[in-house]
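Chemist: The structure that follows is given in the form of structure tokens.
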Amino acid sequence: MEYKIRTVGVLTSGGDAPGMNAAVRAVTRAAIANGIRVKAIYRGYKGLMDGEVQEFTTQDVSGIIQRGGTILKSARSEEFKTVEGRKRAYDVLQKEEIDALIVIGGDGSFTGARALAQEYNVPVIGIPGTIDNDLWGTDSTIGYDTALNTIVECVDKLRDTGTSHERLFLVEVMGRDAGFLTLNAAIAAGAEAAIIPERTAVAEQLEAAIGQGRRKHKNSGIVLVQEHAIEGGAKAVAEIIEKYHPEYGTRVTILGHLQRGGSPTAYDRILASRLGCAAIQALLDEQRSIMVGVQNNEVVYVPLTKAIKEKKDIKDDKWQALQVLSI
Ligand code: F6P
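Here it is, written out as structure tokens:
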């Protein structure tokens, strides 16, 4: 007998990312257009376990494409990592007659989705939503482009005051274990150097930061430091530099959570709209346990396991470009 998806659940999980709302809108409208009911789940997996479920109509997602954050709220749940927690979640899926689950989030959220799929044979589809861009199998994640533009805008502003006061600015950038935001923002903002976790020789990176950040013909500089590239982040780098070069007038700016906010860029809205539609199409194509992504501007289906486990590398030409262009 043909297995038909009648009702799909959708949730946002982990760190919020601009464009998540556009994805929720796309999932909702694409599902309804295909005769599938949509049940919105609030507060990620926590809300799923607690039964925070509401049916959505197309009107429920009106006026949200331009809004940052997530109207569904987000959470990180320790309980969902346990077998008991996932049993509670499955009971709610059954009670609500939800046949398939769409999870908008990052690798932690996908790990939870995959466990639920394995234990209860629930069809799950992942939509990559994280500013970190650290998921394998997609060129970009929803929210990354917006965060990148936010960082560049902030660094441009810091450059104004940095040049006026002839100071060295160290700017700490988010990214969890990945340096995509840091490296790309450094190139786009014309920074003197970047310190990222993918380049393990931190001592050399530090040397470059000191050298490029303050050469003879430059009396100010900007160095971007990925939050986890070095223990203690940008503050730790500042301490080292100040010790040897107190004359640099080093200042630290931690951009923090402002990188996660704001209205999504057109790029992120389009990406989220495409991937939301693709997630519903994937269910119609009887796909299970996959992430929808884009590669070379084409929508692709990637096994969830690969998206979680494989490591996406930074492009070496970009790293080289930064070294050459910061001289
Ligand atoms: O994954 C998104 C992200 O913003 C990371 O870049 C950062 O390390 C982390 O989340 C911060 O998490 P929290 O909001 O829980 O402090």
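Those letters in the sequence shown? Residues 161 to 487, per this note's numbering, in order. Here a beta-carbon is modelled for each residue, glycine too, at the ideal position from N, C-alpha and C. Only a predicted model underlies this, so the values are computations on that prediction, with no experimental measurement involved.
To which residues of the same chain is asparagine 194 closer than 7 Å at the C-beta, ignoring the five residues directly before and after it?
Modeler: For asparagine 194, where only same-chain residues beyond five positions count, the Cβ hits under 7 Å are Ile440 and Leu444.
Chemist: Relative to ligand 1, is the shortest distance from any of its heavy atoms to the C-beta of threonine 360 smaller than 6 Å?
Modeler: False, no ligand heavy atom lies under 6 Å from that Cβ.
Chemist: Going by DSSP, name the residue or residues bridged to methionine 451.
Modeler: Gly286 and Val462.
Chemist: Let me check you understand the geometry: is the CB of threonine 230 closer than 6 Å to at least one non-hydrogen atom of ligand 2?
Modeler: Looking for ligand 2 in the displayed structure turns up nothing; the ligands present are ligand 1.
Chemist: Reducing DSSP to helix, strand and coil, say where threonine 172 ends up.
Modeler: Strand at threonine 172.
Chemist: Is the region 245 to 265 touching the region 166 to 186, taking contact as three or more C-beta pairs under 8 Å?
Modeler: Yes: at least three Cβ pairs fall under 8 Å.
Chemist: Assign threonine 342 to one of two classes, buried (16 or more other C-beta atoms within 10 Å of its C-beta) or exposed (fewer than that).
Modeler: Counting Cβ neighbours within 10 Å, threonine 342 comes out buried, since at least 16 surround it.
Chemist: Would isoleucine 302 be called buried (16 or more neighbouring beta carbons within 10 Å of its own) or exposed?
Modeler: Isoleucine 302 comes out buried.
Chemist: Is arginine 336 near ligand 1 - that is, is its Cβ less than 6 Å away from at least one heavy atom of it?
Modeler: Under cutoff, so the answer is yes.
Chemist: For the putative contact between glycine 245 and methionine 209, defined by C-beta atoms under 8 Å, what is the C-beta separation to the nearest angstrom?
Modeler: So it is a contact: roughly 6 Å between Cβ atoms.
Chemist: Phenylalanine 216 lies in the alpha helix (DSSP H); which residues open and close that run?
Modeler: Here phenylalanine 216 belongs to no alpha helix (DSSP H); instead the beta strand (DSSP E) covers 213 to 216.
Chemist: Whole angstroms is fine: what's the gap from threonine 217's alpha carbon to threonine 465's?
Modeler: When rounded, the distance between both Cα atoms is 32 Å.
Chemist: Threonine 413 bridges to which residues according to DSSP?
Modeler: DSSP, once it has assigned bridges, lists Val331 as partnering threonine 413.
Chemist: Output the distance between the C-alpha atoms of glycine 392 and leucine 482, rounded to the nearest integer angstrom.
Modeler: The straight-line gap from Cα to Cα measures roughly 24 Å.
Chemist: So what's glutamine 419 in DSSP terms, helix, strand or just coil?
Modeler: Looking at glutamine 419 - three-state DSSP - the assignment turns out to be helix.
Chemist: From the DSSP output, in three-state form, read off alanine 190 for me.
Modeler: Reduced to three states, the DSSP call for alanine 190 is helix.
Chemist: What residues match up with threonine 167 in a beta bridge as DSSP calls it?
Modeler: For threonine 167, which the question treats as bridged, DSSP gives the partners Arg197.
Chemist: Between which two residues does the beta strand (DSSP E) carrying glycine 392 extend?
Modeler: Neither: glycine 392 is in no beta strand (DSSP E) and is coded neither H nor E.
Chemist: Is the distance from the Cβ of glycine 421 to the Cβ of glycine 228 below 7 Å?
Modeler: Yes, they are a contact pair.
Chemist: Using only alpha-carbon positions, find the residue among Arg336, Gly297 and Ala348 that is nearest to threonine 310.
Modeler: For threonine 310, the nearest C-alpha among the options comes from Ala348.
Chemist: For ligand 1, I want to know if threonine 310 counts as a neighbour, meaning its beta carbon is within less than 6 Å of at least one of the ligand's heavy atoms.
Modeler: Every heavy atom of ligand 1 is 6 Å or more from the Cβ of threonine 310, so no.
Chemist: Quick one: is isoleucine 487 buried, meaning 16 or more other Cβ sit within 10 Å of its Cβ, or exposed?
Modeler: Looking at its Cβ environment, which holds fewer than 16 other Cβ atoms inside 10 Å, isoleucine 487 is exposed.
Chemist: Is DSSP giving alanine 275 helix, strand or coil here?
Modeler: Helix at alanine 275.
Chemist: From Ala275, Ala307, Asn457 and Ala177, pick the residue whose C-alpha is nearest to that of lysine 241; which is it?
Modeler: The shortest Cα separation from lysine 241 among Ala275, Ala307, Asn457 and Ala177 belongs to Ala275.
Chemist: When burial is assigned at 16 or more other CB atoms within 10 Å of the CB, is tyrosine 404 buried or exposed?
Modeler: With fewer than 16 Cβ atoms within 10 Å of its Cβ, tyrosine 404 is classed as exposed.
Chemist: Should glycine 175 be listed as close to ligand 1, given that the test is whether its C-beta is under 6 Å from any heavy atom?
Modeler: Result yes, Cβ under 6 Å from ligand 1.
Chemist: Could you please give the first and the last residue of the uninterrupted alpha helix (DSSP H) stretch that includes alanine 354?
Modeler: Run containing alanine 354: none in the alpha helix (DSSP H); it sits in the beta strand (DSSP E), 353 to 355.
Chemist: With a threshold of 6 Å on Cβ separation, who are the neighbours of aspartate 477 within its own chain once the five nearest residues in sequence on each side are excluded?
Modeler: Around aspartate 477: no qualifying Cβ.
Chemist: So, under 8 Å CB-CB, isoleucine 450 and alanine 442 are touching, yes? Tell me the CB distance rounded to an integer number of Å.
Modeler: At roughly 6 Å, the Cβ-Cβ gap stays under 8 Å, so isoleucine 450 and alanine 442 are in contact.
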